[in-house]
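Shown next, in structure tokens, is the structure this report addresses.
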């Protein structure tokens with residue numbers, strides 16, 4: 008089969024998916040970090056009925072807004088205000104988790120492309136609902152809008168990855184799949200530019216405009232995405248629509264013979280694994296291509312009952328937990344707090360945050376060619392070592408800065424702290440940032456893929472909620488030692504992936520799934536073993552499948568000669 012090339016339709020499909028879906032997820036991670044003071048002021052005046060200037064003035068004097076209450080009254084108001092502000096992120100995460108768990112149902116009912124179109128409506132609705140928040144002085148509109156936007160983001164991180172991975176040629180599947188994470192990092196950078204700087208929308212009346220702008224890319228996506236082809240794998244393998252699948256292939260890869268790719272997918276459908284047993288139909292070559300039936304409906308519960316899915320599920324869930332509980336959202340979302348704790352002057356905090364975001368984008372861009380050169384396994388394991396080391400140094404330097412009284416020591420360890428935040432971001436961007444988005448698609452066959460994304464992305468959002476709701480209190484309670492908690496998550500998961508995760512570069516979905524389905528003992532990359540009667544001649548599953556195919560070809564040749 009000829010090597011598929013990068014075509015205009017593939018580029019357009021990838022771009023509009025990243026621009027109208029993936030980027031908006033990253034944007035909404037950070038859009039409210041910069042204008043925090045203005046948002047707190049708005050919530051104080053409209054939920055607590057306490058003018059912002061009075062709250063800050065009386066906080067300094069130890070009195071309430073009437074000038075008579077003790078200091079505890081101001082503390083109580085500040086506590087409520089903090090809860091109202093954190094609720095903005097909490098609502099987004101909770102509805103993001105709901106959206107993530109809905110990914111499988113949406114992608115199977117509407118399709119990959121049409122599911123993204125359906126999902127755009129939630130982003131547009133959220134932007135429209137939240138836009139008049141400041142003008143009407145109704146803060147509840149902000150929370151309702153964030154709920155719609157959260158649902159959109161929850162669906163996006165799974166569905167966009169599925170679509171990109173399924174339309175990508177195998178030799179650049181990793182790079183195309185990683186474009187989702189690249190768009191996320193660009194979205195974070197754009198959010199800092201739009202809402203984190205006083206020169207842009209970090210103002211009393213403009214911060215809500217930054218939120219409302221999220222509807223613009225979604226509207227553009229709603230217009231352009233219908234012209235892009237649906238996933239051929241979904242059309243053929245999920246719906247059995249062979250002619251529609253051929254048309255999609257002809258648009259994505261003009262000049263190639265679509266029959267070759269249809270045959271490739273049909274061969275994948277013929278090898279089925281369930282309950283730890285794999286059946287390959289020897290008479291499959293006699294089945295007419297047009298008679299291919301759609302894949303059987305896969306139920307979510309089968310992820311936990313099918314023996315052949317145990318290892319893929321462990322990888323899909325484990326990599327999401329490792330990603331979120333490595334502390335990345337704590338580092339990015341609360342970087343301002345950490346920098347001030349480390350002695351960085353508050354005037355420079357927005358610009359340092361901007362530098363972090365730009366560096367994150369650069370590292371993610373650099374990771375794209377490396378995914379196809381060194382493979383997913385190497386790019387996950389090696390950068391994660393640097394990430395773990397940086398967590399140790401961040402812990403040590405933060406503890407020293409918080410406990411020392413020497414200005415010189417504070418300044419020196421602040422520099423160390425800042426440097427290793429860059430090391431941390433690099434370690435994350437090259438590995439844990441890029442790979443989890445598409446590795447789930449690579450370790451599952453077509454039938455369970457959507458359900459697997461629902462599970463893995465739902466776990467990601469729950470893990471995100473745990474980090475977001477615990478970091479501030481943990482940081483207050485144990486300060487820099489909080490990074491050791493994240494380290495205690497990274498290390499055991501690193502060991503698990505070192506032992507059990509196979510390399511997926513340049514391998515078909517079926518080949519990867521076969522290796523994982525027949526794994527009894529995990530021995531790392533390309534070492535999944537089929538243990539048969541404890542015999543010494545056990546071979547990797549991929550080798551066994553190759554032997555089966557070779558035997559079939561040899562039998563055909565003998566029959567032809569006869």
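In the numbering used here, the protein residues as written are 8 to 569.
Every residue gets a Cβ at the ideal spot worked out from N, C-alpha and C, and that includes glycine.
A distance below 8 Å between beta-carbons, with the five flanking residues on each side excluded, links residue 179 to the following residues of its chain, in chain order: 13, 379. Taking the Cβ atoms as the reference, residue 516 lies roughly 23 Å from residue 250, outside the contact range of under 8 Å. For residue 417, the enclosing alpha helix (DSSP H) covers residues 414 to 434. Excluding its 5 nearest sequence neighbours in each direction, residue 114 has C-beta neighbours in its own chain below 7 Å: 122, 166, 169, 457, listed in chain order. At the C-beta level, residue 505 and residue 388 come within 8 Å of one another. Between residue 239 and residue 451, the gap from beta carbon to beta carbon reaches 8 Å or more. At the C-beta level, residue 31 and residue 225 come within 8 Å of one another.
The C-alpha of residue 459 is placed about 10 Å away from the C-alpha of residue 308. When only Cα atoms are considered, residue 429 and residue 363 end up about 7 Å apart.
With contacts defined as CB atoms closer than 8 Å, residue 479 and residue 193 fail to qualify as a contacting pair. Comparing alpha carbon positions, the residue from 190, 150, 185, 41 closest to residue 23 is 190. Here DSSP, grouped into helix, strand and coil, assigns residue 208 to coil. Of the candidates 513, 140, 87, 160, 513 places its Cα closest to the Cα of residue 177. Contact annotation: the region 464 to 481 does not touch the region 420 to 427, with fewer than three C-beta pairs closer than 8 Å. A direct Cα-Cα distance of roughly 20 Å separates residue 406 from residue 474. Cβ-Cβ distances below 6 Å link residue 173 to 238, 240 in the same chain, with the five nearest sequence neighbours on each side left out; the list follows chain order. The C-beta separation of residue 334 from residue 402 comes to about 11 Å, leaving the pair out of contact by the 8 Å criterion.
Counting only the Cα atoms, residue 182 lies some 12 Å from residue 437. Counting every other CB atom within 10 Å of its CB across the protein chains shown gives residue 449 a total of 16 or more, marking it as buried.
Inter-residue distance for residue 105 and residue 16 is about 32 Å (C-alpha atoms, whole angstroms).
Here residue 305 carries a coil assignment [DSSP, helix/strand/coil].
In this structure residue 187 is buried. Its beta-carbon is surrounded by 16 or more other beta-carbon atoms within 10 angstroms. Take residue 236, set aside five residues on each side of it, and the residues of its chain with a beta-carbon closer than 6 Å to its own are 255, 258, 259, in chain order. Its Cα nearest to that of residue 305, the residue 116 stands out among 116, 410, 94, 431.
Residue 431 holds the alpha-carbon nearest to the alpha-carbon of residue 490 among 440, 509, 431, 108. Residue 146 sits buried, since 16 or more C-beta atoms from the chains shown fall within 10 Å of its C-beta. Residue 316 holds the alpha-carbon nearest to the alpha-carbon of residue 521 among 482, 316, 411. Contact between residue 27 and residue 232 holds, with the beta-carbon distance rounding to 7 Å and staying under 8 Å. Of the other Cβ atoms in all chains shown, 16 or more fall within 10 Å of the Cβ of residue 509; this residue is therefore buried. About 21 Å separates the CB atoms of residue 462 and residue 185; that is not less than 8 Å, and the two are not in contact. Exclusion of the five residues before and after residue 262 leaves no residue of its chain whose Cβ lies closer than 6 Å to its Cβ. Take the alpha-carbon of residue 140 and the one of residue 134: they are about 10 Å apart. Collapsing the DSSP output to three states places residue 235 in coil. The shortest CA-to-CA distance from residue 128 to any of 228, 455, 216 is the one to 228.
In this chain, the alpha helix (DSSP H) harbouring residue 184 covers 180 to 202. Around the beta carbon of residue 427, 16 or more other beta carbons lie within 10 angstroms, which makes this residue buried.
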